Every structure is written in C-alpha cells, then in structure tokens.
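In my numbering, the protein residues as written are 22 to 595.
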C-alpha cells in the first residue's frame, strides 16, 4: 500500500458508492479509525474553493481481500494463500463547507479531524453558548447548544434508558450542573432554577455534599470540560412529614438536617381546588365521575373557611382538622338525600357518586400524611424554588398515588408562578419515571400540566428534563417537543421502537451494550447523535459518599455560633 501522509488515516474507497451524505474510507495499515471518530476529506470543485466534507464514523468493517471461503483464513495465516487485511470505515456526513453537496471522490485523502476542524465538523464553532455534556471517544469535549435548552430556538430534554444501568438521573444532574456553572448562561445563571423530583431513595439529598471519591483524576476530567469538580453550591431539600407525628419532622433517615417537611393544609386543599389531583391516574378522565370531582371541588372552595393556625377548615359549621375528617364529611354530603343535589349536581346518578366515593376513600392512606389541618403552619413547608438554585422534592417514601398528587400540584403552582412572573428566569424541571405521569394513553390533570409545559413552557422559561425507561410509553407530543434527545443503555426490544429512529442502526445496536456513563446525545444542529462519557459526580450520591456540607437548610450558609465572641487573651485553664 502506498505510504500515506502523517495526518492521513486513509483514502476514500472507490469500490463502494460515495454520496454527499455517506462515504467510506479505506484505513491505512499504520492507522486506525474507531466508531465516533470525526473524519474530514477535501475535494476540488471547478469554479469553487475546495469543498470540505466532514462526518462521524458510524461503522468499521475488517475483511481479508483475496479470500473466498471462511477456511481461507488459516491458509492466509500460514502464508500459503496471498491476501491482505483491509479495514473500511463508514462515515456519515455531518457538515459540508461550503454547501456544495458533491460526493467525496474516490482516492481522496481522509484525515482524523482535530482542533478547529473537529469543532467545525460538529458545529461547535457556530455555537455561541456551549454547554459541555461529556467527553467524546477522542477525549475532547462534546457540547450542546444552549439555544436548544433555554427556549431560544427549542427546549426540553428527553433521557431514556434501562433503570439502574443507563444512569439517567446522574446524567440529568450533570447536565444541570454544567448549565449552571459552565458559564453559558452568563448573568442569567443567577436567576436560573432547577426543580428535581426524587423517587429513588435518599440519593439526591446530598447534592450539596462533596463526594469522598473526588480525587485528582476526577478533577482533571472536570477541568477538561472547563468545569470545577464541586457539589451544587445552592440546594434546598423537601420531604413529606413523618406519618403519625404531630411535630412535622421530615420523613428521612440519612440526612438529619437541612431538610424541610412539606404538606398542604386543608384550607389550601379546598381553596386551590386540589381535589382533581387526587384523581390523577390516566384512566380517571375516561370515567363519568369526573363531573363529580369538579362539582365537589367548586363547592369546597365556596364553603371552606380557614380556622386556627394549622390550616383546619370549617364547612357548614363543622370543623375539620384531618384529611380523614374531610373525606368523611364529603361522603356524608353525597350520601344524604337532602344535600346530594347541591354537592354532586342535580342529574348525577347514584352509581356515579358511589364510583367517586370509592376512589376518594382509597386516597385516605396515601394522602393523609401530606394534606393536614393538625400541624402548626410554618413558611418552610411550602415547596418553593425561590430561595435556592436547586430544589429537591423527595417522594420515595410516599405511595405512588401521593407522588402523583405532589408532582401535579407543585408543577401547577410553579407554572402559574412563572406565568405571572414572566420568562425572565429559567426553571428546569426534572422528572424521573415520566411515563408514570404522562403515559401515552389516557388523560389526567398531571398529564395536562406536562403537555402544557412541553408545548408552551419554553416561552414561559420552563424547561422539562424528563427521564424514563421507555420513551415509547410516554406521550408522543412531549417526546417530539424535546429538542435534545439522550439515550443510555436500552433494552433490545425498546431499541427497535420508532421513537429511537434518530439513532443510526449501529448506535441502536450499541445502545443495548452501552456501559454506565455512556450516552448518545442528539441535537438539532448535528445530523448524527454523538457518543459521550460524562464524569463521575463530584457531589455525594448517597450518605456513604458524603464528605460533609458547607450549607445548612435550603442552601443557607452555615454560621458559626461563636464567631462573634471576643478572642480570648489567654488560654483556658485546662
């Protein structure tokens, strides 16, 4: 084989079709190409300056040229049969500059793109605001365009992969950390917030704690991405109150300080018409008793009067202090012949009312902990993103029905707050197990809120970061409205679904084998998804990794109780 220039890895193949969108490169004996390498080739075009075609390697094949049968490999190895090993790399075009879409000519030199050529091939040179998402196979940073994250030209992120293997939550948190600390937001980082719903243990309650596994190698990985290896500087944590405890302690075990308990008072439940979120299963909207829900919610709003400082209510002379009391009161009104028409409507049948009551009574156990009228009211119980940059709402100790209630109510209130405040600041809303809250079939109050965020949230400054095991089970409009699509390890059956059509066949196959920490990132500007590896979290992901926190509750700086005492002139006598 002729000697190749030092910067060359091979030549464009002439035995296979070369097109403007895909071509193949014969790899030189002293070189190699691997999947995800960026390759550049140049051809002269009459009347134009040289046309540079750049692309990403999506497949590499090696074969013996000169062999006819499988057994010939042994003859070739013994030197009996002459043959030559040849590697062919398939390259999918990412950029043509200038935009003259002519095929690379066979025999033209191809080289591995580095530096400015790599940045040009992957459109990084056109990204004014870049967000690092990890390192490529070549060890250099991979970016996404902030314009497709902050609502400027698009918004929302969809992350899919097998639970426990795809590291969806870890990547989502790293993405948020990179957005907040990487400098792409500029001054807007001061008003950017993140709302994170945690459903898997207490792992996310230590985001403001440094990781004990943080070493020089990990710091170097972050430095290559121009990031500091540090925990989240401003984080607040909320958890439900401990069941059957009248002190309102948060229901957590690993973290003993810095977590606030959240709940809603009975008066808020009635006044804000939160009854609809009790019936948050997707199948509820297909039942006739939904009309009863709206009738009862409207009646509660008109009749409920706040009494005391614990959020208890008085309705028609009866004082109600617990969710059980409220459910019993509603049940009495709907089963009484004299009051049924006023509470359920004049044409509602008994069967419909009974169906409503069965579902309402089944909510007693899930919701009695977080809908209260017997706890002293405190400002810290209200879930809010105002006082910290990252707000974590821990749901893992709540039943699934209560989780739906919390997600629906918090999202609705934050959406209303953002709509009233305008799009001045960004709110990134991270939801795990998105298929539970916005399934493909059916309708529910939570799904309607999520659809509203997906379809017009970016105009309000609300960006949805959704993670799910199976994108095929999530509402299509939510997935299709996500500008950034990210895939980790996939189940083989799931990888064949149409929702992953943006992945080339080779990447679909690789997604079934991907190791933790490897993700495939698709963004509108780059025709081919890019494989990235993101660094291990610099923040603690469990209690055993915590190196301690410089902050106390809800991101407030810890104060030394003895800092204002005068310095002693002499040592203590002991």
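Think of the CB as a built atom: it goes at the ideal place given N, C-alpha and C, for glycine as much as any other residue. Nothing here was measured: the structure is a model prediction, and the numbers come from that model.
DSSP three-state assignment for residue i, whether helix, strand or coil
{"i": "residue 145", "result": "helix"}
{"i": "residue 584", "result": "Low confidence applies to residue 584: its pLDDT is 37, below 50, so where it sits in the model is not reliable enough to give any reading."}
{"i": "residue 243", "result": "helix"}
{"i": "residue 275", "result": "coil"}
{"i": "residue 230", "result": "coil"}
{"i": "residue 313", "result": "helix"}
{"i": "residue 563", "result": "coil"}
{"i": "residue 193", "result": "helix"}
{"i": "residue 201", "result": "helix"}
{"i": "residue 473", "result": "helix"}
{"i": "residue 480", "result": "helix"}
{"i": "residue 401", "result": "helix"}
{"i": "residue 282", "result": "strand"}
{"i": "residue 136", "result": "helix"}
{"i": "residue 151", "result": "strand"}
{"i": "residue 572", "result": "Note on residue 572: pLDDT 45, under 50, position unreliable in the model; no value is reported."}
{"i": "residue 49", "result": "coil"}
{"i": "residue 34", "result": "coil"}
{"i": "residue 318", "result": "helix"}
{"i": "residue 599", "result": "The requested residue 599 does not occur in the structure, where the chain is confined to residues 22 to 595."}
{"i": "residue 467", "result": "helix"}
Proximity winner among the options, relative to residue i (alpha-carbon distances)
{"i": "residue 498", "options": "456, 508, 124, 524", "result": "456"}
{"i": "residue 386", "options": "420, 168, 377, 370", "result": "420"}
{"i": "residue 502", "options": "144, 176, 382, 551", "result": "176"}
{"i": "residue 286", "options": "68, 393, 471", "result": "393"}
{"i": "residue 263", "options": "283, 342, 52", "result": "283"}
{"i": "residue 40", "options": "49, 75, 223, 454", "result": "75"}
{"i": "residue 360", "options": "317, 251, 322", "result": "317"}
{"i": "residue 483", "options": "34, 244, 441, 259", "result": "441"}
{"i": "residue 552", "options": "532, 568, 566, 564", "result": "532"}
{"i": "residue 490", "options": "245, 514, 504", "result": "514"}
{"i": "residue 322", "options": "291, 462, 407, 337", "result": "291"}
{"i": "residue 124", "options": "529, 339, 450, 66", "result": "66"}
{"i": "residue 226", "options": "257, 207, 557", "result": "257"}
Unbroken beta strand (DSSP E) run spanning residue i, endpoints
{"i": "residue 490", "result": "No beta strand (DSSP E) holds residue 490; DSSP gives it neither H nor E."}
{"i": "residue 368", "result": "Here residue 368 belongs to no beta strand (DSSP E), and DSSP marks it neither H nor E."}
{"i": "residue 55", "result": "No beta strand (DSSP E) holds residue 55; DSSP gives it neither H nor E."}
{"i": "residue 93", "result": "Looking at the DSSP string, residue 93 is not in any beta strand (DSSP E); the run it does join, the alpha helix (DSSP H), is 93 to 98."}
{"i": "residue 259", "result": "256 to 260"}
Start-to-end residues for the alpha helix (DSSP H) that takes in residue i
{"i": "residue 458", "result": "455 to 458"}
{"i": "residue 345", "result": "344 to 356"}
{"i": "residue 499", "result": "497 to 501"}
{"i": "residue 528", "result": "526 to 532"}
{"i": "residue 164", "result": "Unbroken run through residue 164 is the beta strand (DSSP E), 162 to 166; no alpha helix (DSSP H)."}
{"i": "residue 425", "result": "421 to 442"}
{"i": "residue 206", "result": "Here residue 206 belongs to no alpha helix (DSSP H), and DSSP marks it neither H nor E."}
{"i": "residue 385", "result": "385 to 388"}
{"i": "residue 514", "result": "513 to 516"}
{"i": "residue 287", "result": "287 to 292"}
Buried versus exposed, by CB contacts within 10 Å (16 or more), residue i
{"i": "residue 296", "result": "buried"}
{"i": "residue 166", "result": "buried"}
{"i": "residue 232", "result": "buried"}
{"i": "residue 277", "result": "exposed"}
{"i": "residue 271", "result": "buried"}
{"i": "residue 266", "result": "exposed"}
{"i": "residue 358", "result": "exposed"}
{"i": "residue 122", "result": "exposed"}
{"i": "residue 55", "result": "exposed"}
{"i": "residue 415", "result": "buried"}
{"i": "residue 572", "result": "Any reading at residue 572 must be qualified, since the residue scores a pLDDT of 45, below 50, and its modelled position is unreliable; the value itself is stated next. Residue 572 comes out buried."}
{"i": "residue 536", "result": "exposed"}
{"i": "residue 28", "result": "exposed"}
Residue i: CB within 7 Å of a non-hydrogen atom of the ligand ZN
{"i": "residue 301", "result": "Of ligands this structure carries none, so the ligand ZN is not represented either."}
Chain C within 8 Å of residue i, Cβ atoms only
{"i": "residue 415", "result": "The structure shown has no chain C; it contains just one protein chain."}
**OP:** May I ask you to verify whether the region 329 to 343 touches the region 383 to 402, counting CB pairs closer than 8 Å and requiring at least 3?
**Re:** yes
**OP:** Assess, as a yes-or-no matter, whether the region 111 to 125 is touched by the region 136 to 150 under the definition of 3 or more beta carbon pairs within less than 8 Å.
**Re:** yes
Subject >> Contact the region 199 to 209 vs the region 153 to 171: 3+ CB pairs below 8 Å >> reply: yes
**OP:** Would you be able to state if there are at least three C-beta pairs under 8 Å between the region 355 to 366 and the region 213 to 220?
**Re:** no
Subject >> Touch test, the region 461 to 474 against the region 125 to 142, Cβ-Cβ under 8 Å, three pairs minimum >> reply: no
Original post:
Should the region 179 to 196 be called in touch with the region 62 to 82, which here means at least 3 C-beta pairs below 8 Å?
Top reply: no
**OP:** Could you tell me whether the region 94 to 113 touches the region 52 to 72, using the rule of 3 or more Cβ pairs below 8 Å?
**Re:** yes
Original post:
At a cut of 8 Å, does the region 402 to 410 reach the region 370 to 381 through at least three beta carbon pairs?
Top reply: no
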